[in-house]
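Q: Heads up, the sequence shown is in the numbering used here, so the first residue is 55 and it goes up one at a time. Okay, handing you the structure first.
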Amino acid sequence: MTHLFTFLMDYLGGTYISQVECENKEQAMKLWIQSLQIDQIEGFSERDKENIISVGFLEDDPTKLDGLCNVWHFIIETKEGDGFVNFVKTIKN
């Protein structure tokens with residue numbers, strides 16, 4: 055069964071939101087970075103994206119946020135700085 059995951063990334067002062075559909079949170083993280091449209095993200099290069107895809111995330115197991123249901127957090131590193139990513143397993147209408 056696939057689920058909808060909503061990603062909210064804070065990167066160098068900008069906030070970027072996107073969604074992916076997949077079976078679990080681990081697949082969602084991988085699909086998110088693979089499908090991330092970097093052309094609108096200032097300071098985020100194709101090389102940064104390729105590095106994250108090949109090396110992986112700093113935390114392959116994202117941190118579940120205390121007191122919240124189906125909400126996780128992880129960090130990405132790029133040459134320009136860190137990106138703080140929260141994501142939520144959401145219900146699709």
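Backbone N, C-alpha and C fix where the C-beta goes; we use that ideal spot for every residue, glycine too. What you are looking at is a predicted structure, and each value in this text was computed from that prediction instead of being measured.
Beta strand (DSSP E) containing Lys133: first to last residue?
A: It is not in any beta strand (DSSP E) - Lys133 carries neither H nor E in the DSSP assignment.
Q: Give every residue of the same chain whose Cβ lies closer than 6 angstroms to the Cβ of His57, excluding the five residues on either side of it in the sequence, and list them in chain order.
A: These residues qualify, in order along the chain: Lys143.
Q: Given 8 angstroms as the limit, is there contact between the region 87 to 103 and the region 124 to 144, that is, 3 or more CB pairs closer than that?
A: yes
Q: Name, in chain order, the residues that DSSP records as bridge partners for Leu62.
A: DSSP output for Leu62 lists Ile71 and Asn140 as bridge partner(s).
Q: Closest to Leu122 by C-alpha separation, out of Ile106, Phe141 and Asn105, would be which residue?
A: Phe141
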